[in-house]
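> Got a structure for you, written out below as structure tokens; questions coming shortly.
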Amino acid sequence: MKYLLALSAALCLTTVGAQAADKKLTISVYSFAQDAFKKALYDPFEKICDCELVVETGNSVERMAKIEANAANPVVDMAVMSSHDALALARKGLLQPLDVSKIPSYGDLYKSAQDPIGDKMAVGYGFYATSIVYRSDLVTIDSWADLLSDKVKGRVALPNITGTQGPLTLHMLGKALGHEGLDFANTIDAIGEKKDDIVTFYGRSSQLAQLMLQEEVIAAPVGRFAWSRFSGANLPFKWAEPKEGQTGGMNVMLMTKGNGNEELAYQFMEYWLSKETQTRIAELKLDSPANSKVVVSDEIAESLTYGADLINSLNMLDPGAIIDNRDAWVGRWNEKVVN
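Residue numbers -20 to -1, 1 to 319, in mature numbering (1 follows the signal peptide of the UniProt record, and there is no 0), belong to the letters of the sequence shown in order.
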């Protein structure tokens, strides 16, 4: 009898262990700061859920292609990406609407993060502002139009049109130059006329940081997530507050259609969006919180896109406008700027 009881207990423990091992959530994320995210987000969640997180990284094009290629049998349960990339997947029928009743922290999110691409297809988890970083000892930046002025001639960099910051810069530069509409034709033409005055059209913030630290560039549009590369330097870099305002974007989380792992995905979404987790991530300066209940010190806030006043003031491009106009922007850019 004792043997049978022991055997039964062993089988029970084995079954429980097997069930825990079977609880696996595959997520697709940005490559940025993954070691830090593992300690702050992934490891703590695994302890709570008694499950395994499989984390896949890559650039947006690669990650979107993988979701599309496996639409019939999803290999990714949940992903985080820009709002316009998420909308592109939604338009292809690759996402499923979120049941926000399963995300208790949903009501604590800033309103713009609650349904950023419509139809509850995604939820925002982080914001970023974009402005101009400049050398305050060498130049003063008061307007986005200053990027094409003689005072930074030969020492300015702009983002490439294909990068995240490209369309945002066109949006604000167009405002400063008095251009209307979202085709950005006149704005791209204006850049083309000044292309010989521009040091480079950068693709990565790390590339730009190197040029600015080498003092080859004294002004350039930068996403707030990269500000720490400059704020900790021994050179007098400053974050501009142009008269036209700042622009920015939002990163969102989404769920692939028919992945069969929805409940665990909802559990992870809630964990990530909770006040406690968003505060921890913010304090580590890994991301700017979408949860409006997060409170951080002034010192931490300086490195983030933080607070209702700033977030509500951002001149963000509509995700649909980016998708609908991107091919035309790239075509004109290649014609006027690259050639």
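Ideal Cβ placement from N, Cα and C applies to all residues, glycine included.
Where does F12 land, buried or exposed, given buried means 16+ other C-beta within 10 angstroms?
For the purposes of this step, residue 12 is taken as the residue at position 32 of the sequence shown. Exposed: under 16 other Cβ atoms inside 10 Å.
> Which whole-angstrom value is the C-beta distance of C29 and L244, which I expect to be below 8 angstroms?
Here residue 29 is taken as the residue at index 49 of the sequence shown, counted from 1. Here residue 244 is taken as the residue at index 264 of the sequence shown, counted from 1. Between C29 and L244 the beta-carbon gap is near 7 angstroms, inside 8 angstroms, which marks them as a contact.
> Applying the 10 Å Cβ sphere with the 16-neighbour rule, what's the burial state of A262?
Residue mapping note: residue 262 aligns to position 282 of the sequence shown, counting from 1. Counting every other CB atom within 10 Å of its CB across the protein chains shown gives A262 a total of 16 or more, marking it as buried.
> Only counting the same chain, and skipping five residues up and downstream in sequence, which positions put a Cβ closer than 7 angstroms to that of A170?
Within the sequence shown, numbered from 1, the residue matching residue 170 stands at position 190. Hits under 7 angstroms: L128, L157.
> Between the Cα of E196 and the Cα atoms of F205, A206, L215, G203, which residue gives the shortest distance?
The count along the sequence shown starts at 1 and reaches residue 196 at position 216. Ranking the options by Cα distance to E196, first place goes to L215.
> Determine contact between the region 73 to 88 and the region 218 to 237, defined as no fewer than three beta-carbon pairs at a distance below 8 angstroms.
yes
> Between which two residues does the alpha helix (DSSP H) containing W207 stretch?
As a working note, residue 207 is residue 227 in the sequence shown. Taken as a continuous stretch (DSSP letters only), W207 belongs to no alpha helix (DSSP H), as it is neither H nor E.
> Alpha carbon to alpha carbon, how far is A(-3) from L5?
Sequence index remark: in the sequence shown, residue -3 carries index 18 (1-based). Sequence index remark: in the sequence shown, residue 5 carries index 25 (1-based). For A(-3), the predicted model reports a pLDDT of 43, less than 50, meaning its position is unreliable; a value from the coordinates is still stated below. Distance between the alpha carbons of A(-3) and L5: 15 angstroms.
> Work out the CA separation of G203 and M192 for me, nearest whole Å.
Here residue 192 corresponds to residue number 212 of the sequence shown, with the count starting at 1. Here residue 203 corresponds to residue number 223 of the sequence shown, with the count starting at 1. Computed Cα separation, rounded: 15 angstroms.
> Please give me, in chain order, every unbroken run of the alpha helix (DSSP H) with length at least 4 that falls completely inside the region 88 to 151.
Here the runs fully enclosed are 91 to 94.
> Enumerate, from N- to C-terminal direction, the unbroken beta strand (DSSP E) stretches of 3 or more residues contained entirely within the region 207 to 261.
217 to 219, 227 to 235
> Give me the Cα-Cα distance between L(-17) and K27, rounded to the nearest whole angstrom.
Here residue -17 is taken as the residue at index 4 of the sequence shown, counted from 1. Here residue 27 is taken as the residue at index 47 of the sequence shown, counted from 1. Any reading at L(-17) is ruled out, since the residue's pLDDT is 48, under 50, leaving its predicted position unreliable.
> Give me whichever residues DSSP pairs with E36 in a beta bridge.
Within the sequence shown, numbered from 1, the residue matching residue 36 stands at position 56. Looking at the DSSP output, E36 bridges to S8.
> Residues in its own chain within less than 6 angstroms of N295 by CB, not counting five upstream and five downstream?
Within the sequence shown, residue 295 is the residue found at index 315, counting from 1. Closer than 6 angstroms at Cβ, skipping near neighbours: G225, T227.
> Tell me which residue opens and which closes the beta strand (DSSP E) that F181 is part of.
Start at 1 with the first residue of the sequence shown, and residue 181 comes out as number 201. Note, F181: beta strand (DSSP E), 178 to 182.
> Below 7 angstroms between beta carbons: does that hold for L89 and N231?
Your numbering for residue 89 matches position 109 in the sequence shown. Your numbering for residue 231 matches position 251 in the sequence shown. No. Outside cutoff.
> Taking Cβ to Cβ, would you say A16 is nearer than 7 angstroms to L253?
Here residue 16 is taken as the residue at index 36 of the sequence shown, counted from 1. Here residue 253 is taken as the residue at index 273 of the sequence shown, counted from 1. Their beta carbons are not under 7 angstroms apart, which means A16 does not touch L253 by this criterion.
> For A59, which beta-bridge partners are listed by DSSP?
As a first step, residue 59 is located in the sequence shown; it is residue number 79 there, counting from the start. A59 is bridged to S8, L234.
> Our contact map puts G104 next to P96 with C-beta atoms below 8 angstroms; I'd like the distance itself, whole angstroms only.
Residue 104 sits at position 124 when you count from the first residue of the sequence shown. Residue 96 sits at position 116 when you count from the first residue of the sequence shown. Indeed, because the Cβ distance is near 5 angstroms, the residues count as touching under 8 angstroms.
> Go through its chain and collect everything with a Cβ distance to K82's Cβ below 6 angstroms, but skip five positions before and after it.
Position 102 of the sequence shown, counted from the first residue, corresponds to residue 82. Only Y246 meet the Cβ criterion.
> Alpha carbon to alpha carbon, how far is G183 from E36?
The residue given as residue 183 occupies position 203 in the sequence shown. The residue given as residue 36 occupies position 56 in the sequence shown. Cα to Cα, G183 sits roughly 22 angstroms from E36.
> Which of the three DSSP states, helix, strand or coil, is assigned to A52?
Counted from its first residue, the sequence shown places residue 52 at position 72. Coil.
> Assign N53 to buried or exposed, taking buried as 16 or more other Cβ atoms, counted over all protein chains shown, within 10 Å of its Cβ.
Taking the first residue of the sequence shown as position 1, residue 53 is located at position 73. N53 is exposed by the Cβ-count criterion.
> Who are the Cβ neighbours of P269 in its own chain at under 6 angstroms, not counting the five residues just before and after it?
Against the sequence shown, residue 269 aligns to sequence position 289. Excluding residues within five positions, the ones whose Cβ falls inside 6 angstroms are Q258, A262.
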